[in-house]
Structure formats: C-alpha cells, structure tokens
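Enquirer: One structure coming up, written as structure tokens, with questions to follow.
Protein chains: 2
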Amino acid sequence: MVMGLFGGRREREHREPAPPVDLTMLPVSGDSAPAEIYVRVATLTSLGQMPELKREIYKGNILLLDVSKIKRDKLTINRAVKDLKEVANDLKGDIAGIGDQWVIVTPTAIKVDRTKLSGEGGF
Amino acid sequence: MVMGLFGGRREREHREPAPPVDLTMLPVSGDSAPAEIYVRVATLTSLGQMPELKREIYKGNILLLDVSKIKRDKLTINRAVKDLKEVANDLKGDIAGIGDQWVIVTPTAIKVDRTKLSGEGGF
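Chains as they are written, first to last, in the working numbering: chain A, 1124 to 1246; chain B, 1124 to 1246.
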C-alpha cells in the first residue's frame, strides 16, 4: 500500500494546491497507545473557525493550517495570523509559514526549526 | 510585519508548489526557552538525505518533508516512504501525507489526527 502512496495522483498535473490526501491507508501497525500531542490539519475558510483552531493549540496540539483558500482575502488572513500569533506568544510556542499554502502553529516547547536540513532544505 | 505575511506573494499566480517561505520575520517574542521538540522542514531530493532525516525523527523531532521534487520518481518516493514508515513504526509515531506535496512523520506520542476540524477540514 505504501508503494501506491502517490501513484493515483501522478498521472495528472497539479496546478493548484490539491485537497489534502487522507493517508489512513498507511496505518502505523502495533500502535495503540494514545498520543500526547496531535497534529491537527485544517483548511481555513472563515474567521468563525478561529475559536476551535485556537483551542486545539491551547490543548497542546500542533495546528497545520491550509490558508490557500483565504489567501487573497487580506483582511481575513491578517486577522487569522494575528490571532494565531497571539496564541503562539501566549504559549511560548511558535508560528511559521510553510510554503505558500500552510501555516504551522505549535504549542509550548515545540518550535519550528528554520535551519536547512540536507538537500535543498526546507526553509 | 504580520500584516505583510502573504502580501508579497499575492500579486502573482502560483501554479506550482512555491518554495517554502521563511517567516523568521515573525519571531515569537519573549521566548528564549529551548524547545523540547522541533518541527524540521526539508525538501527531499535524493535518498542520500534519508539517514539525516531519519535521525531527526529518532531524536524526537517532527519531520515535515516536501516530496514534490521527487514525486515523479516512483522508485525514490517509494523507498523514502518505506524508510520513514519503518521509523514511525519503530517509534510508535505516525506518518501521513498532507496534500500532494508534504509528508509528515512524527515521533513517539505524537499523532496526526485524521478527523476534520471545522470548515472544510484538513483531510
């Protein structure tokens, strides 16, 4: 199943950000222990989501937020980032943009490393 | 500065995954405590990077890996994902695809949540 991870999507061009793929077909076997921290993935479409998104970070989870749908709405993106930055500040976590599509917000004691790893690096 | 987060990139169309943006211009103030966990962002271009990438996860860090550059190289992507899945299994962490571009690999006690948050959700 791992072999087909990107197989179904390789045939066509992706000119725009594609909807996230559910890779639940890639279960990690032998793992039944509850997680202490979750990576929550969400797509931001309105400011009405902010309370829920902020709550996740306050709960100690990591938020990976797809902002591509509201990127052209300057007012909304600015307000959302401002809110999330306040949460990161409050918790002494971190906030960073990942590419053009994603914003990651981390809770206490989790930071986004800005240094390059090997290859062409991340940031 | 927050206000300009995506300002510089809004003017042009992004038809392909853009290089990640360094948002170090968004420092989280008042935070000098060392992080316990880092989110390491990297772009996979060859299997030669695998030892370093795997080491990061074994160190307890989260790997956010841009696989867009090698997605058409079936052999490389399959091998890389197989390796990373073994690490996730070994550590009882998690591995998931985020959109078409990213693979996230988490260490012990950190999981990727597959349920939807509000809005259009993540996965």
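Where a beta carbon is used, it is the ideal one built from N, C-alpha and C, also for glycine.
According to DSSP, is Val1190 (chain B) part of a helix, a strand, or is it coil?
Expert: coil
Enquirer: Please compile the residues from chain A whose C-beta is within a distance smaller than 8 Å of the C-beta of Lys1234 (chain B).
Expert: Ordered by position in chain A, the residues that pass the 8 Å Cβ test against Lys1234 (chain B) are Ala1158, Ile1160, Tyr1161, Val1162.
Enquirer: For chain B, is any of its Cβ atoms less than 8 Å away from the one on Thr1229 (chain A)?
Expert: yes
Enquirer: Taking only beta-carbon atoms, is Leu1187 (chain A) less than 8 Å away from chain B?
Expert: yes
Enquirer: Rounded to whole angstroms, what's the CA-CA distance from Asp1236 (chain A) to Val1164 (chain A)? Just pull it up for me.
Expert: 19 Å
Enquirer: For Ile1233 (chain B), I'd like the list of residues in its chain whose CB is within less than 8 Å of its CB, leaving aside the five on either flank, ordered along the chain.
Expert: Ile1160, Ile1185, Gly1216, Asp1217
Enquirer: Following the continuous alpha helix (DSSP H) through Lys1234 (chain B), name the residue where it begins and the one where it ends.
Expert: Looking at the DSSP string, Lys1234 (chain B) is not in any alpha helix (DSSP H); the run it does join, the beta strand (DSSP E), is 1233 to 1236.
Enquirer: How would you label Lys1182 (chain B), buried or exposed, when you count the other beta carbons within 10 angstroms and need 16 or more for buried?
Expert: When all chains shown are included, Lys1182 (chain B) counts as exposed.
Enquirer: Between A:Val1162, A:Glu1179, A:Lys1192, A:Gln1172, which lies nearest to Val1210 (chain A) when the distance is taken from Cα to Cα?
Expert: Taking only the C-alpha atoms, the option nearest Val1210 (chain A) is A:Glu1179.
Enquirer: Counting along the chain, where does the alpha helix (DSSP H) carrying Asp1213 (chain B) start and finish?
Expert: 1197 to 1214
Enquirer: Asp1217 (chain A) lies in the beta strand (DSSP E); which residues open and close that run?
Expert: 1217 to 1221
Enquirer: Within 10 Å of its beta-carbon, does Gly1171 (chain A) have 16 or more other beta-carbons around it, so buried, or fewer, so exposed?
Expert: It counts as exposed.
Enquirer: Here's a check: name, in chain order, each residue in its chain whose Cβ is nearer than 8 Å to the Cβ of Leu1214 (chain A), leaving out the five neighbours to either side.
Expert: Ile1180, Tyr1181, Pro1230, Thr1231
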